[in-house]
Amino acid sequence: MTLQAHIKAAGRSLYAAKQRTILALIGIIIGIGSVIAMVSIGTIVSAEALKQFKDMGTDILTIRKEFSREKEAAQNSGVSIQLKDALSIPAFCPAVLAVAPYINQGGDISYAGKMMEGGSAIGVTQAFSGINKLRIEKGRFISDLDEYGHFCVVGNSIYQKMKESGASHIIGEKIKLGGSIFTIAGVIEKVSGGGMMRQFEPNESAYIHITTAMRLKGNAEISTITAQIKPGASAQSAQKQIKEYFKKTKTPEVRVTTAEELIENMQKQMRLFTLLLGAIGSISLIVGGVGVMNVMLVSVSERRKEIGICRALGARRKDIQSQFLLEAVILSLIGGAIGIAIGVLLSFIVSYFSKWEFMISYMAIFLGVFVSSAVGIFFGFYPARQASRLDPIVALRSE
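Sequential numbering of the sequence shown, starting at 623, is according to our numbering.
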């Protein structure tokens, strides 16, 4: 028999057993669909994270206190980055334009007696909004004039929650951060992607002056310093200058990370994340493949007489094996095609509602087609081999 004849015969057999075919298709569709959706969503998330990183600019450095076992004694002794040392960086480091130290204050946020889930207070300086690319929607940002004052700027999500609670004129409203009352001076524009590439959640945060945060929380430490490099200066020179500067202070050793290093680390994490998602989806694909094998074994059992007749009329073992193998492959390819369409649709829905840029992972589609064929061959081989080994005389006698 020719390949075309095998394909036609396989198609007729699958069409004749519609219920069995549909049951086998469901497993493959779920398997391929989940793999495509997870890999595509992972790719979209990775691209969005990289975009946000680049939007923040490659002229940014992050400075944190070094944490290691060797320096455990220093950490326990209470030594931390001092505010005056952080603010003096531009004066002693020629490659640095500006710095924005901040403190993750934490604490509950409430308005009109209602607690706001997920909110957190952050102690910042006036330069914080510019360096972190935060735009003001209403009012103003924290300024140096707010030193030790009880004024705050709220993220967009907090603003929306306050509106739902009945707030009309947001500027001047009172909000409770921890155990203290603050007057709202401004609202941040909604930040796309939230805190994906930041150490804080901009939409869910309330910003107060860093000196106020340190006064309210006596043991508060500077969490991170964001530094902006001067135009024309290299990140490496700024990195070196900052490390040399902190060696001359009482501050413990610091870790200075460039934007390129952050992007590289992020890409590694996203690749691992996408690989993990694909591996999780592959589990359902294996289950679908086992379903195809079971359905094909049932098909062999039900068509024993048909196989015996074919053998009696001169069909060779490899003809029988090829037909059943083709049925499994066609079944897997059809399921794969539907699964790819569903997976792409799911990733589009996720990107649409998340306000992310949708993109099709052609590698994922190619992988879906390849895996579909591989599943059909791998899980269809055993039933096909069993069919080809049936004794024609025994097969003709079966009911």
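Just so you know, even glycine gets a beta-carbon here, dropped at the ideal spot from N, CA and C.
Y829 carries a strand assignment under DSSP once its states are collapsed to helix, strand and coil. For C774, the beta-bridge partners assigned by DSSP are I806 and I830. In this structure, the straight-line span from the alpha carbon of E949 to that of V909 is close to 18 Å. Residue G1002 holds the alpha-carbon nearest to the alpha-carbon of N916 among E688, G1002, G958 and S994. Look at V657 here: in three-state DSSP terms it is helix. Taking all protein chains in view, the Cβ of Q641 is surrounded by fewer than 16 other Cβ atoms within 10 Å, so the residue is classified as exposed. 7 Å or more divides the Cβ of S668 from the Cβ of A734. In the three-state DSSP reduction, M981 falls in the coil class, being neither helix nor strand. The beta carbons of V661 and S904 sit no closer together than 7 Å. In the three-state DSSP reduction, T896 falls in the helix class (H, G or I). By the neighbour-count definition (other C-beta atoms within 10 Å, threshold 16), I803 is an exposed residue.
Taken through DSSP and simplified to helix, strand or coil, S710 comes out as coil. L919 and L898 have their C-alpha atoms spaced approximately 32 Å apart. In the three-state DSSP reduction, K760 falls in the strand class (E or B).
For L948, no beta strand (DSSP E) encloses it; the enclosing alpha helix (DSSP H) starts and ends at R939 to S976. Judged by DSSP secondary structure, A857 falls within the alpha helix (DSSP H) whose first and last residues are A857 to K869. Inter-residue distance for I797 and V912 is about 58 Å (C-alpha atoms, whole angstroms). In this structure, A671 sits near M888, with a CB-CB distance shorter than 7 Å. Collapsing the DSSP output to three states places T747 in coil.
Burial is judged here by how many other beta carbons sit within 10 angstroms of a residue's own beta carbon; F975 has fewer than 16 and is exposed. Bridge pairing for A722: T848 [DSSP].
Apart from sequence neighbours up to five positions away, the residues of its chain that approach R762 with a beta-carbon distance below 7 Å are A807 and G808, ordered along the chain.
For G794, the secondary structure class from DSSP, reduced to helix, strand or coil, is coil. When secondary structure is reduced to three states using DSSP, L935 falls in the coil class, being assigned neither helix nor strand. DSSP places K640 in the helix class (H, G or I) of the three-state scheme. For I703, there is no enclosing beta strand (DSSP E), as DSSP marks it with neither H nor E. For L767, no beta strand (DSSP E) encloses it, and the DSSP letter there is neither H nor E. Looking at the backbone, the Cα of L705 and that of R686 are separated by about 13 Å.
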